[in-house]
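There are 2 protein chains.
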Amino acid sequence: MSEQQPSLDEQIAIYQREYRDLDPRVEKVVNALSRLDRRMNVAYGRQLATLDLGSAEWEVLKELVMVGEPYQLWPGSIARRLGLTPAAMTHRIDRMLAQGLVTRERDPDNRVRVIIGLTDTGREKWLQVMRRASVFEEELLQDLSGDERVQLGDLLTRLLRRVEHAQPDAGGRLTDLD
Amino acid sequence: MSEQQPSLDEQIAIYQREYRDLDPRVEKVVNALSRLDRRMNVAYGRQLATLDLGSAEWEVLKELVMVGEPYQLWPGSIARRLGLTPAAMTHRIDRMLAQGLVTRERDPDNRVRVIIGLTDTGREKWLQVMRRASVFEEELLQDLSGDERVQLGDLLTRLLRRVEHAQPDAGGRLTDLD
DNA sequence: TGTGTACTCTTCAACATTGAAATTTAGCTT
DNA sequence: AAGCTAAATTTCAATGTTGAAGAGTACACA
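Chains A and B are the protein sequences, given in the same order. If you read the first sequence in my numbering, its first letter stands for residue 104, the second for the next number, and so on. If you read the second sequence in my numbering, its first letter stands for residue 104, the second for the next number, and so on.
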């Protein structure tokens, strides 16, 4: 009935008691990953709050910067990348328009489509967030040597490959997102 | 204006163009982590759906199993662990009660408090999910040797330590969650 | 040229989460 | 023992997301 979360090793020990066939090495990786991501998001969330930005807006900003010049994307494409419904995008963009972070105009090539563009204000906001985020990220990796950072990046990239280029062929159980 | 997400390396290259001081090794780790977590959650979400379970319910189930016997927790404690408001917990538990996954009773020691307990149905549900999840997880780590799995687990654990035992003393920017 | 089909975005109602106020209880202080 | 403060949960109104339906546009094919 403890108030605080058990340590990762405690968690895995209990999981194994519940389900003997579980591989503790695999569980350690997977659960550490998910714990880390939660912590990172809490940290980002706090920094965003000090910049009057919600994490919803931040996600969209990131996608727009991520495509590079000229910082344009269709709403549906953003929605798919973020795993949201198009309806949610409509509303997010409404809000971001009001804050001057993005523009919305009809696509001349296909008038059903809409083009979302990043404003200078939006790009500046992205930069402000990244400046703070990079301080946190550096702190997070503090204990790792240069070699270890590269090693970790490589291992994670190899996992990512499995899951980002997953063809759902051959009874594949892996996820496709786009 | 591409339809699909840029690769991790493309993403980082663009980030660096926007913000020169960014350390690509750090960015690679952090962004790979966050991409992986998103993919994993999509995969889990699909498996949960086939078991008529929402990810909200799954999160609560996990916390209850994670504390071990006798599988009891206060609503506020669950809320803090999951980063939710107490109000959200009230509603989640309402739903889970209706599905017979948990019980809710007053704490005899402090009648303001409430004790949420796992039912046998709930524990069985957890097991069903884990049986499927472990297949996916094994597939995810497929390309890593036994040594590499341990190595990855260790590196991630070291990051986690930085962030889970963070005292916000000394101007610390790291997050505290509980 | 006309029709059908597919696609994109928006609108709408239902549901989940949030933040704040309200309620109830415990524990401390005097 | 009374009153004050702090804590846990629930209730309520407001906001965000979802799924489905609707409106508009492009493309293929007859």
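Every residue, glycine too, gets a C-beta built ideally from N, C-alpha and C.
- G171 of chain B reaches chain A at I117, counting residues in chain order whose Cβ is nearer than 7 Å.
- Separation of L263 of chain B and Q254 of chain A (C-alpha to C-alpha, rounded to the nearest whole angstrom) is 17 Å.
- Rounded to whole angstroms, R234 of chain A and D223 of chain B show a C-alpha spacing of 49 Å.
- For M143 of chain B, a Cβ of chain A is located within less than 8 Å of the residue's own Cβ.
- Taking 8 Å as the upper bound for CB-CB distance, L221 of chain A and L167 of chain A are in contact here, some 4 Å apart.
- Counting only unbroken stretches of 4 or more residues, the alpha helix (DSSP H) elements lying wholly within the region 141–209 of chain A are 158–169, 178–185, 189–201, in sequence order.
- Between P189 of chain A and P173 of chain A, the CB-CB gap reaches or exceeds 8 Å.
- Contact note: E121 of chain B reaches chain A through V168, R226, W229, L230, M233, using a C-beta cutoff of 8 Å and chain order.
- L221 of chain A: member of the beta strand (DSSP E) spanning 217–221, first to last residue.
- Under the DSSP assignment, D112 of chain A falls in the alpha helix (DSSP H) whose first and last residues are 111–121.
- The DSSP-derived three-state label of D257 of chain B is helix.
- By the Cβ criterion, the region 245–259 of chain B is in contact with the region 124–131 of chain A, since at least three pairs of Cβ atoms, one from each stretch, lie closer than 8 Å.
- Using a CB distance below 8 Å, no part of the region 200–213 of chain B faces chain A.
- The three-state secondary structure of M233 of chain B, taken from DSSP, is helix.
- R195 of chain B is outside the set of residues whose beta carbon lies under 8 Å from a beta carbon in chain A.
- D140 of chain A is classed as buried because its beta carbon has at least 16 other beta carbons within 10 Å across all chains shown.
- In its chain, beyond the 5 residues on either side, V232, R235, A236, F239 have a beta carbon closer than 8 Å to the beta carbon of Q150 of chain A.
- Chain B places a beta carbon closer than 8 Å to that of D246 of chain A, counting this residue as a contact.
- Taking the Cα of W161 of chain A as reference, the smallest distance to any Cα among A:R261, A:T260, A:K228, A:G256 is reached at A:K228.
- A direct Cα-Cα distance of roughly 22 Å separates M169 of chain A from A152 of chain A.
- At a cut-off of 8 Å between beta carbons, T260 of chain B contacts chain A.
- For Q245 of chain B, the number of other beta carbons within 10 angstroms of its own is below 16, and it is reported as exposed.
- DSSP places S248 of chain B outside both helix and strand once states are collapsed to three, so it counts as coil.
- Chain-ordered, the chain A residues with CB closer than 8 Å to the CB of L263 of chain B read L111, A135, R138, L139, R142.
- With fewer than 16 other CB atoms across the displayed protein chains lying within 10 angstroms of its CB, R209 of chain A is exposed.
- One thing to note: L259 of chain A has its Cβ within 8 Å of the Cβ of A135 of chain B.
- Cα atoms of E121 of chain A and L230 of chain B: separation of roughly 8 Å, rounded to the nearest angstrom.
- As the crow flies, the alpha-carbon of Q202 of chain B is around 51 Å from that of P211 of chain A.
- Around L125 of chain B, the beta-carbon contacts reaching into chain A at under 8 Å are M233, S237.
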